[in-house]
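> Residue numbers (my numbering), protein chains in the order written: chain A, 11 to 191; chain B, 8 to 298. For glycine and all other residues, C-beta sits at the position ideal for the given N, C-alpha and C. Below is one structure. I have some questions about it.
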């Protein structure tokens, strides 16, 4: 606890692959915040976000053997695990049911219990960066990244041609790259 | 399309953020292999993404870490496929950015299936418990039923055994009688009713063992003696009656063993008071047979 160790990404990966729980603890300390944020932004419910975060880290531990550095950085790999787990949870029937059982709220004058407040969740991380996009771009990135819809589904939802969806998303992504620099 | 156009087409961001479809991912991975500058551009985007997101998030509740650590601790090393080989020796490595979506979905499915499985297991356990309770009840009732039947059978069996004993005793008596009747050393004295007999249909038979001189009496027919009276057998020895013993009609069905009579000319039966008389009451002489 007292000593602060830092690992290079390669060291960390090889320690994780050899089932080093200390390295795993380090991984959690360094990445749980950013992964928790993306999960929270995706599922929008504290309890569910907590569950998904647990699943994500357990899956990272279980599947670290399949991580291939050639295909991308460790963080990218974990970020995708977190996003996919969140979208899967969003789409699972149980989650849809709990959503259905909640009363519709037109105005968000006060935060609903169990929900993240927009103040603490929308103004950080990717959401914050995406906020800077033009509205027509932002909507599509939101649907694609935060709701997990395919380009075809987005074209249907937004009632715009598939080609336009693809172009707008690509442009939005290029813009995003600039913001991140 | 040259590589610079490809790099600035948005494919890198799409790939890294997991928005590219399978075909795009496949193409991207092939291109990365071919063009080092594409790989550099991808890494640059990954690093900038990581720098923007890491340490800038909200902190999860502290208890989650210990929950995760104890979960992986419980799993131990049993789920790890090959520890020593590392990534390189595992043949088709799934992973990297592109395959994560499907990859992780299956992992989640595994978790969901495990949850369902444990739910199914507990449901099955409840069903089994109910079945077992029902069976217990059923078998207990069956047990009671069979126990009652068993007790009844034991009672019947005891009754049969005692019947059997009686029959065996009788059979032995008959056998003994038969033996005596067949025995060539047995002297048979038929004793029909005398003309003045109170009951003209009376008849008895004496079997006299010529070796031991024992006398056995078979009652063919005699009327009931009445209370306080008994029949008495007499042997006529040198013209005088000698007591050969009293007998009851109820003493079984076989031969009655009487007194030992070494010598006699005839046998006779009279009805006397209970216990017998020293001399026969000749007016109550029923049967007689000469030797």
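Report buried or exposed for residue 105/B, applying the criterion of at least 16 other Cβ atoms within 10 angstroms of its Cβ.
In this prediction, residue 105/B has a pLDDT of 41, which is less than 50 and means its spatial position is unreliable; nothing more can be read from the coordinates.
> If you check the beta carbons only, do residue 236/B and residue 281/B fall under 8 Å apart?
Here residue 236/B is near residue 281/B, since their CB atoms are less than 8 Å apart.
> Hey, how far is the Cα of residue 279/B from the Cα of residue 239/B?
Distance from the CA of residue 279/B to the CA of residue 239/B, rounded to the nearest whole angstrom, comes to 7 Å.
> Using a Cβ cut-off of 8 Å, pull out every chain A residue sitting near residue 53/B, in sequence order please.
Within 8 Å Cβ-Cβ: 82, 83, 85, 86.
> Please go through the same chain and pick out, in chain order, the residues whose beta-carbon is closer than 7 Å to the beta-carbon of residue 269/B, but skip the five residues on each side of it.
220
> At a cut of 8 Å, does the segment 55–67 of chain A reach the segment 40–47 of chain A through at least three beta carbon pairs?
yes
> Select from the segment 56–79 of chain A all residues with a C-beta closer than 7 Å to any C-beta belonging to chain B, and list them in chain order.
60, 63, 64, 65, 67, 68, 69, 71, 72, 73, 75, 76, 77, 78
> Which residues of the segment 122–138 of chain B have a Cβ closer than 7 Å to any Cβ of chain A? Give them in chain order.
none
> State buried or exposed for residue 54/A, treating a residue as buried only when at least 16 other CB atoms are found within 10 Å of its CB.
buried
> Cβ closer than 7 Å: which chain A residues qualify as neighbours of residue 43/B?
Result: empty, since nearest Cβ-Cβ is about 12 Å, beyond 7 Å.
> Contact defined as beta carbons within less than 8 Å: I believe residue 82/A pairs with residue 23/B. What is the distance between those atoms, to the nearest angstrom?
7 Å
> Considering just the uninterrupted stretch of the beta strand (DSSP E) at residue 248/B, what are its terminal residues?
247–254
> Let me check one thing: in DSSP terms, what residues is residue 172/B bridge-paired to?
Bridge partners of residue 172/B: none, in fact.
> Given a threshold of 16 other Cβ atoms within 10 Å of its Cβ, counted over all protein chains shown, does residue 195/B qualify as buried or as exposed?
exposed
> Here's the rule I'm using: 16 or more other beta-carbon atoms within 10 Å means buried, otherwise exposed. How should residue 146/B be labelled?
exposed
> Identify which residue in 165/A, 175/A, 182/A, 190/A has its Cα closest to the Cα of residue 134/A.
Closest by alpha carbon: 190/A.
> Under 9 Å Cβ-Cβ, which residues of chain B neighbour residue 136/A?
Correct list: 24, 56, 59, 60.
> Please decide whether residue 34/A counts as near chain B, where near means a Cβ-Cβ distance under 8 Å.
Yes, residue 34/A counts as interfacial toward chain B.
> Output, in chain order, the set of chain B residues within a Cβ distance shorter than 8 Å of residue 198/A.
One cannot answer for residue 198/A here, as it falls past the ends of chain A, which runs 11 to 191.
> Does the beta carbon of residue 20/A come closer than 8 Å to any beta carbon on chain B?
no
> Are the C-beta of residue 20/B and some C-beta of chain D separated by less than 8 Å?
In the structure shown, chain D does not exist; the protein chains are A and B.
> Should residue 306/B go down as buried or exposed, given a rule of 16 or more other Cβ atoms within 10 Å for buried?
Since the first and last residues shown for chain B are 8 and 298, residue 306/B lies out of range.
> The beta strand (DSSP E) with residue 279/B in it runs from where to where?
273–280
> Do you know offhand how far residue 16/A's Cα is from residue 41/A's?
Using only the alpha carbons, I get a separation of about 13 Å.
> From the beta carbon of residue 69/B, is the nearest beta carbon of chain A less than 8 Å away?
False, the Cβ-Cβ gap to chain A never drops below 8 Å.
> Keeping to the same chain, check which residues put their C-beta closer than 7 Å to that of residue 156/A; ignore five residues upstream and five downstream.
51, 52
> Does the beta-carbon of residue 91/B have 16 or more other beta-carbons within 10 angstroms, so that it is buried, or is it exposed?
Its pLDDT being 41, under 50, residue 91/B is placed unreliably in this model, and the coordinates cannot settle the point.
> So which residues on chain A does residue 78/B lean against when the C-beta distance must stay under 8 Å?
Result: 64, 68.
> Could you tell me the alpha carbon to alpha carbon distance between residue 164/A and residue 176/A, rounded to whole angstroms?
10 Å
> Using a Cβ cut-off of 8 Å (strictly closer), state whether residue 151/B contacts chain A.
no
> Measure from the C-beta of residue 4/A to each C-beta in chain B and report whether the shortest distance is under 8 Å.
Since the displayed chain A opens at 11 and closes at 191, residue 4/A lies outside it and no answer follows.
> Would residue 39/B pass as a contact of residue 49/B if the rule is Cβ separation under 8 Å?
Yes, the Cβ-Cβ distance between residue 39/B and residue 49/B is below 8 Å.
> Using 8 Å as the Cβ pair cut-off and three pairs as the minimum, do the segment 243–257 of chain B and the segment 203–212 of chain B touch?
The segment 243–257 of chain B is not in contact with the segment 203–212 of chain B.
> Would you say residue 180/B and residue 261/B are within 8 Å of each other, going by their C-beta atoms?
yes
> Excluding five sequence neighbours on each side, which residues of the same chain lie with their C-beta closer than 7 Å to the C-beta of residue 62/A?
The beta carbon of residue 62/A lies closer than 7 Å to those of 49, 53, 95, 96, 99 in the same chain, with the five residues before and after it left out.
> Three-state secondary structure (DSSP) at residue 208/B?
DSSP places residue 208/B in coil when its eight states are reduced to three.
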